[in-house]
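Below: the structure, in structure tokens.
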Amino acid sequence: MAAKKKPTPKYTVPGMSTSDGATVATILQARLNALNDLALTLKHVHWNVVGPHFIAVHEMLDPQVEAVRAMVDETAERIATLGSSAVGTPGALVAQRSWDDYSIGRAGAIEHLGALNLVYTGVIEDHRAAIDKTGDPDPVTEDMLIGQSAQLELFQWFVRAHLESSSGELSTSGASTERTATKKAGARARRA
Ligand SMILES: [Fe+2]
0 MAAKKKPTPK YTVPGMSTSD GATVATILQA RLNALNDLAL TLKHVHWNVV
50 GPHFIAVHEM LDPQVEAVRA MVDETAERIA TLGSSAVGTP GALVAQRSWD
100 DYSIGRAGAI EHLGALNLVY TGVIEDHRAA IDKTGDPDPV TEDMLIGQSA
150 QLELFQWFVR AHLESSSGEL STSGASTERT ATKKAGARAR RA
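With numbering that gives the first Met the number 0, the residue at position 4 of the sequence shown is 3, and numbering never jumps.
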């Protein structure tokens, strides 16, 4: 969450101080950056999956892209509603983010899903932290983030179901980098 603190707006929603308006808008800018990044990453995976599970994963991802793009719009418009400016340019996103670009190029569908599971974990953990921080100053923003989190968690389950054994274990368990997750997911898929 490295978004630059927004200046105090001239107005914010009724019942909130402009200082709280700036604080919540700053938290939302970091979520906007994460969601914009996620929407682009999901399309990148959509274009780069190969192998026997190609069509299932290729087609699974487009509805996720659509839903995440809707979250991007909703989040940016909440920032504007709070009286601040939503920054949506790619250079600003890259300058403010605390993570690297998704690192997997053309690869098997299951390998990509191993890495994508980690991407979702990062976004969802930070969304939950933002829910904690916004609940007190602005329950309306908290409610929006809760709704988004429910969808993001569902999408992560769609991803994880491909990595899960019948005993409920994820093939990528213990992996903390996209490369490792990709290797572990691929190894399990080849054994199956
Ligand atoms: Fe497409």
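The beta carbon of each residue, even a glycine, is placed where N, CA and C say it ideally should be.
These numbers come from a predicted model, not from an experiment.
Handout entry: Proximity test, residue 45 beta-carbon vs ligand 1 heavy atom, cut-off 7 angstroms
Key = Shortest gap from the CB of residue 45 to any heavy atom of ligand 1: under 7 angstroms.
Practice task
Compute the beta-carbon to beta-carbon distance between residue 108 and residue 56, rounded to the nearest angstrom, for a pair I have assumed lies under 8 angstroms.
Solution key: Residue 108 to residue 56, Cβ: 4 angstroms. Contact.
Problem - Endpoints, the alpha helix (DSSP H) within which residue 273 is located - result: This structure does not reach residue 273, given that the chain is present from 0 up to 191, and the question cannot be answered.
Exercise for the section: Give me the Cα-Cα distance between residue 135 and residue 187, rounded to the nearest whole angstrom. Expected result: 44 angstroms
Exercise for the section: Can you grab the Cα-Cα spacing for the pair residue 241 / residue 68, in whole Å? Expected result: There is no way to answer for residue 241, as the model of the chain reaches only from 0 to 191.
Exercise for the section: Would you be able to state if there are at least three C-beta pairs under 8 angstroms between the stretch 19 to 29 and the stretch 121 to 138? Expected result: yes
Exercise for the section: Would you check if the distance between the CB atom of residue 83 and the CB atom of residue 5 is smaller than 8 angstroms? Expected result: Judged by beta-carbon spacing, residue 5 lies within the 8 angstroms limit of residue 83, meaning their Cβ atoms are closer than that value.
Exercise for the section: Could you tell me which of 53, 170 and 59 sits nearest to residue 153, measuring between CA atoms? Expected result: 59
Problem - Distance, residue 121 Cα to residue 178 Cα - result: Cα to Cα, residue 178 sits roughly 15 angstroms from residue 121.
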